[in-house]
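Chain order of the listed sequences is Z and D. Residue numbers for the first sequence follow numbering that gives the first Met the number 0, beginning at 0 and rising by one. Residue numbers for the second sequence follow numbering that gives the first Met the number 0, beginning at 0 and rising by one. C-beta atoms are modelled at their ideal positions from N, C-alpha and C, and glycine is treated no differently.
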Amino acid sequence: MKAKGTIWHDQLFFILLGVAAICFGLTRFAQVRFFALPATILLAPRTAVGSLFTTVTALRRENERLGELAVRQELDNGFWRDLAGAAARESLSTRYRFQKALVVGRDPQTLVRTLIVDRGLLNGARTNMAAITDAGIAGKVIEAGASLSFVATILNPRFKAAALNLRSRVAGVVGFREGNLLSMDYVLPEMDMKVGDTIVTSGTGGIFPKGLKVGCIVRVDSAPRGMFRRIDIRPAVDVAAVERVYLIEAKDWDVAQRRRDEVRAELKSKAQAELRRLLETSPVEQTGVTGKATE
Amino acid sequence: MKHFLLILLAYLLAMLQLGMRAWFPDLLLLLVVTAAVFEERDFAILIGFLAGLFLDLGNPGLLGANMLIYLVVGYGVVLARRVVYEKISYAVVLCAGALALKYTLGWLLTGTLPVAWELLLACGLTLLLLLPVHQLIKLLFGYRWKVA
């Protein structure tokens, strides 16, 4: 004979079994009618969590899209507006490729000579890419590692860039002077340069596109002691405060680089040929000179 | 309180299991088996029923099938636990029996079974997870083995 508790357990089992069997036997319509509300309530947390994941994913995608849009807007609003002319704007937008790089390190001594950015060969960064900000040029990549690159800033003694005066179109080469100043070299005394003139890149160096802002002239030596004038420029970019740069490269970078290499090789071979010719002809000339002297 | 937490756990596992592929290990079954081994008989029956109910409410069109399956599994384990109560290794046998019961009942009630490899994988994974889940639930709820 079964104990009282056991009978109760059996009864509970059979009651629940009956309930389950009735539920199973209900038509689809009746199931929906009776269980739609409990199902909705019970599944609400799951639905909420699911929609939360969907929302987070959608928000992340939206955030990425807006980030890209912000970069583009930033370039449009600040950087493009200050360019020298429509031609340069068109040239930059059509011929150059941009990628944003965050500054993740600086040289430990001065903090402004070299920057380390978070883009390397794996991300498409290469040596000699220009580094710019929305204010103007910031430097150029001097060494690209796997995932980091070193950027020589405009305040680095190794940095040189071909530039010109936006007003008078006088060309020269911009380099580091001292402290927080740049110099513009190879400008003859008679050239038209005034304090306050804007200096932009000339686009002839092959690294920087034409028309990017370099800085403003703060001093022009009116009485040059040497062959050229001394011109001091205050950079447009505050290198000490730069947190991110845009690395840019020409879309036909490979073609341009190959062409440069070909020209360089051609010039080298021409120079060698010229040197050979000079070496071959020089003994004759020397003999002539000697002959004259003896006469 | 313990019973409430067990029901909540069953609910969470049912929500987790909803929408999973057929090869996914049946964690709810592990909970029902473990609860049926350690808990009182009426609660063991009840949690089997509720586990099935939670699954059924998320599976429109098959209302009642899971309720029947898990209820029978819970009750079956309650009946069998007198024999396999003493050693944890017996729980593996118990779980294997519960799995066999579940799929047999599922086939009888709905006329469908998962594909062979999914079925084998689900059973294998469930059996693999039995001991960790068993120990975890024991730790969480302070169950101890005792002689029936």
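query                                                                                                                                                                                      : result
Just to confirm the assignment: which complete alpha helix (DSSP H) runs, minimum length 4, are found wholly within the segment 51-107 of chain D?                                         : 64-79
Mind listing the chain Z neighbours of Ile44 (chain D)? Cutoff is C-beta to C-beta under 7 Å, in chain order.                                                                              : His8, Leu11, Phe12 and Leu15
Decide if the segment 120-138 of chain Z is in contact with the segment 148-158 of chain Z; the criterion is three or more beta carbon pairs, one per stretch, under 8 Å apart.            : yes
Using three-state DSSP, classify Arg112 (chain Z) as helix, strand or coil.                                                                                                                : coil
Under 7 Å between C-beta atoms, does Arg32 (chain Z) make it to chain D?                                                                                                                   : no
Mind checking whether Ala97 (chain D) and Val77 (chain D) have CB atoms under 7 Å apart?                                                                                                   : no
Between which two residues does the alpha helix (DSSP H) carrying Met295 (chain Z) extend?                                                                                                 : Here chain Z comprises residues numbered 0 to 294, so residue 295 (chain Z) is not present and cannot be evaluated.
Do Pro188 (chain Z) and Arg224 (chain Z) come within 7 Å of each other at the CB atom, strictly closer than that value?                                                                    : no
Grouping DSSP H, G and I as helix and E and B as strand, with all else coil, what is Gly123 (chain D)?                                                                                     : helix
Quick check: is the beta carbon of Met14 (chain D) nearer than 7 Å to any beta carbon in chain Z?                                                                                          : yes
Find out if the Cβ-Cβ distance for the pair Val217 (chain Z), Ile198 (chain Z) is shorter than 7 Å.                                                                                        : no
May I have the straight-line CA-CA distance separating Asp41 (chain D) from Phe23 (chain D), to the nearest angstrom?                                                                      : 29 Å
Around the C-beta of Val146 (chain D), are 16 or more other C-beta atoms found within 10 angstroms, so that it is buried, or is it exposed?                                                : At Val146 (chain D) the pLDDT is 43, less than 50, meaning the model places this residue with poor confidence; the figure from the coordinates comes in the next sentence. Counting Cβ neighbours within 10 Å, Val146 (chain D) comes out exposed, since fewer than 16 surround it.
Between the alpha carbons of Leu11 (chain Z) and Gly24 (chain Z), how many angstroms are there, rounded?                                                                                   : 20 Å
Answer yes or no: does any C-beta atom of chain D fall closer than 7 Å to that of Leu375 (chain Z)?                                                                                        : For residue 375 (chain Z) there is no data in the structure shown, the boundaries of chain Z being 0 and 294.
Label Asn164 (chain Z) either buried or exposed according to how many other C-beta atoms from any shown protein chain fall within 10 Å of its C-beta, with 16 as the threshold for buried. : buried
Sorted by chain position, which residues of the same chain lie with C-beta nearer than 8 Å to Lys158 (chain D)'s C-beta, five sequence neighbours on each side aside?                      : Nothing can be reported for residue 158 (chain D): it is not among the residues displayed for chain D, which extend from 0 to 147.
Does the CB of Leu104 (chain D) have a neighbour CB from chain Z at under 7 Å?                                                                                                             : no
Just tell me which of D:Phe48, D:Arg20, D:Asn65 and D:Gly51 has its CA closest to the CA of Thr109 (chain D).                                                                              : D:Asn65
Are the CB atoms of Tyr95 (chain Z) and Ile206 (chain Z) within a distance shorter than 7 Å?                                                                                               : no
Determine whether the Cβ of Phe23 (chain Z) lies closer than 7 Å to any Cβ atom of chain D.                                                                                                : yes
With a cut-off of 8 Å on the beta carbons, I'd call Val116 (chain Z) and Val103 (chain Z) a contact; round off their distance for me.                                                      : 7 Å
Excluding the 5 residues preceding and the 5 following Gly84 (chain Z) in the sequence, name in chain order all residues of the same chain whose CB lies nearer than 8 Å to its CB.        : With a pLDDT of 49 at Gly84 (chain Z), under the threshold of 50, the modelled position of that residue is not reliable, and the figure given next carries that caveat. Closer than 8 Å at Cβ, skipping near neighbours: Gly210.
Just by C-beta distance, which residues in the segment 60-83 of chain D are closer than 7 Å to chain Z?                                                                                    : Gly60, Leu62, Gly63, Ala64, Met66, Leu67, Leu70 and Tyr74
Is Arg50 (chain Z) helix, strand or coil by DSSP?                                                                                                                                          : At residue 50 (chain Z) the sequence reads Ser, which differs from the Arg that was named. Reduced to three states, the DSSP call for Ser50 (chain Z) is helix.
Report the rounded CA-to-CA distance for Leu124 (chain D) versus Ala95 (chain D), giving the unit in angstroms.                                                                            : 11 Å
Rounded to whole angstroms, what's the CA-CA distance from Glu273 (chain Z) to Thr203 (chain Z)? Just pull it up for me.                                                                   : 26 Å
DSSP has Glu177 (chain Z) in a bridge; who is on the other side?                                                                                                                           : Z:Leu180
Compute the distance between the beta-carbons of Ile6 (chain D) and Leu49 (chain D), then report whether it is under 7 Å.                                                                  : yes
Using beta carbons (cut-off 7 Å, strictly below), is Phe140 (chain D) in contact with chain Z?                                                                                             : no
How would you call Leu12 (chain D), buried or exposed, if buried means at least 16 neighbouring beta carbons within 10 angstroms?                                                          : buried
Can you give the Cα-Cα distance for Pro44 (chain Z) and Val236 (chain Z), rounded to whole angstroms?                                                                                      : 53 Å
Taking all protein chains shown into account, decide if Pro131 (chain D) is buried (16 or more other Cβ within 10 angstroms of its Cβ) or exposed.                                         : exposed
Using a C-beta cutoff of 7 Å, does Leu56 (chain D) count as contacting chain Z?                                                                                                            : yes
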